[in-house]
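Q:
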Amino acid sequence: MCLIGFISKNAISKNLVKMMYEAVEDIKKNNKVRSVILCSLAPGIFCAGADLKERAKMHQSEVGPFVSKARALITELGNLPMPTIAAIDGAALGGGLEMALACDIRIAANSAKMGLVETKLAIIPGAGGTQRLPRVIGIPQAKELIFAARAVDGAEACRLGLVNHSVEQNDSGDAAYLRALALAREINPQGPIAIRMAKLAINQGMEVDLSTGLAIEEACYAQVIPTKDRLEGLAAFREKRRPHYKGE
Numbered sequence: 001m002c003l004i005g006f007i008s009k010n011a012i013s014k015n016l017v018k019m020m021y022e023a024v025e026d027i028k029k030n031n032k033v034r035s036v037i038l039c040s041l042a043p044g045i046f047c048a049g050a051d052l053k054e055r056a057k058m059h060q061s062e063v064g065p066f067v068s069k070a071r072a073l074i075t076e077l078g079n080l081p082m083p084t085i086a087a088i089d090g091a092a093l094g095g096g097l098e099m100a101l102a103c104d105i106r107i108a109a110n111s112a113k114m115g116l117v118e119t120k121l122a123i124i125p126g127a128g129g130t131q132r133l134p135r136v137i138g139i140p141q142a143k144e145l146i147f148a149a150r151a152v153d154g155a156e157a158c159r160l161g162l163v164n165h166s167v168e169q170n171d172s173g174d175a176a177y178l179r180a181l182a183l184a185r186e187i188n189p190q191g192p193i194a195i196r197m198a199k200l201a202i203n204q205g206m207e208v209d210l211s212t213g214l215a216i217e218e219a220c221y222a223q224v225i226p227t228k229d230r231l232e233g234l235a236a237f238r239e240k241r242r243p244h245y246k247g248e
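The opening residue of the sequence shown carries number 1 in the UniProt record's numbering; numbering runs sequentially from there.
(1) Between which two residues does the alpha helix (DSSP H) carrying T119 extend?
(2) Where does A215 land, buried or exposed, given buried means 16+ other C-beta within 10 angstroms?
(3) Can you tell me the Cα-Cα spacing of A236 and P226, whole angstroms?
(4) Would you be able to state if there are at least three C-beta pairs under 8 Å between the segment 83-100 and the segment 167-177?
(5) With 16 other CB atoms within 10 Å as the buried threshold, where does L52 fall?
(6) Check for me: the beta strand (DSSP E) holding I37 runs from which residue to which?
(7) Taking 8 Å as the threshold, find out whether the segment 68-76 comes into contact with the segment 185-201 through three or more Cβ pairs.
(8) In angstroms, rounded to a whole number, what distance separates the CA positions of V136 and N110?
(9) Helix, strand or coil, according to DSSP, for residue 250 in the structure here?
(10) Compute the Euclidean distance between the alpha carbons of R241 and L231, then round it to the nearest angstrom.
(11) When you compare each of A23, E248, N31 and A50 to L38 by their alpha carbons, which one comes out closest?
(12) Does the contact criterion of 3 or more C-beta pairs under 8 Å hold for the segment 110-122 versus the segment 136-152?
(13) Where do the ends of the alpha helix (DSSP H) carrying V163 lie?
(14) For the putative contact between K18 and F66, defined by C-beta atoms under 8 Å, what is the C-beta separation to the nearest angstrom?
(15) Taking Cβ positions, are N164 and R106 nearer each other than 8 Å?
(16) Excluding five sequence neighbours on each side, which residues of the same chain lie with their C-beta closer than 8 Å to the C-beta of L113?
(17) Would a C-beta distance cut-off of 8 Å place L80 and K28 closer than the cut-off?
(18) What is the rounded straight-line gap between the Cα of A48 and the Cα of K228?
(19) Taking the continuous alpha helix (DSSP H) assigned at R238, which residues delimit it?
(20) The alpha helix (DSSP H) that contains R132, what's its start and end?
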């Protein structure tokens with residue numbers, strides 16, 4: 001398991017994009033990582049969105065390229081081959097929610113606030129929000145939230161299907177992280193190659209028709225047949241013991 005933790009108010013600045021891009025690249029190359037938790041070390045804030053003070057100092061010609069870099073970062077986060085879990089213990093607004101939307105699973109404290117609020121600033125979500133939010137909660141609901149720049153709490157986000165779980169916040173302010181950690185511990189013992197192939201099959205299959213999706217599933221299944229892990233799974237079943245997968 002790997003942890004990506006934010007600090008400060010986690011506003012999306014040039015420096016944060018650079019540091020996160022480097023972290024994501026390192027994780028991508030590490031075959032020993034079985035799951036990733038994206039969380040914050042700042043009390044009450046997951047990610048506050050764009051660094052508006054830095055943005056205000058940018059020349060108009062700089063804004064587009066910077067947003068493109070942020071979008072590329074979030075795309076790379078979404079393309080990580082292992083499961084990713086966003087632990088939302090505080091505000092996830094604008095680009096902060098876009099980061100969470102790029103993760104496979106989202107867990108939020110009931111007190112967390114989430115929203116794509118860019119229209120308040122006369123702009124639109126620019127790092128995947130207009131595409132990922134409708135895919136997660138449906139087109140009409142996504143339009144309402146984006147058009148109204150509305151933020152919802154964890155309980156409402158769970159009702160909408162924006163997050164998988166909403167948990168009661170604790171005195172330490174890390175209830176979502178602890179729930180994410182428990183989930184990662186459920187995922188990690190499973191066959192890591194199988195998990196990666198399942199993620200690939202789901203992600204690619206959801207963007208095509210059923211017939212093509214089934215062909216993608218077949219191709220991904222073919223990747224697990226020759227693995228040592230598959231043989232270990234069969235042996236463990238036969239011997240009535242827990243399997244020990246090595247990702248081989």
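No residue lacks a Cβ here, since even glycine has one placed at the ideal position from N, Cα and C. Treat the numbers as computed from the prediction; the structure is a model and nothing was measured.
A: Short version:
(1) Premise fails: T119 is in no alpha helix (DSSP H) and is neither H nor E.
(2) exposed
(3) 17 Å
(4) yes
(5) exposed
(6) V36 to S40
(7) no
(8) 19 Å
(9) The structure shown does not extend to residue 250, since the chain is modelled only from 1 to 248, so the question has no answer here.
(10) 13 Å
(11) A23
(12) yes
(13) Here V163 belongs to no alpha helix (DSSP H), and DSSP marks it neither H nor E.
(14) In fact, because the Cβ distance is near 11 Å, the residues do not count as touching under 8 Å.
(15) yes
(16) The sequence shown places Lys at residue 113, not Leu. Closer than 8 Å at the Cβ level, and outside the excluded window around K113, lie G90, A91, A92, L93, A151, V152 and D153.
(17) yes
(18) 44 Å
(19) K228 to E239
(20) G129 to I137
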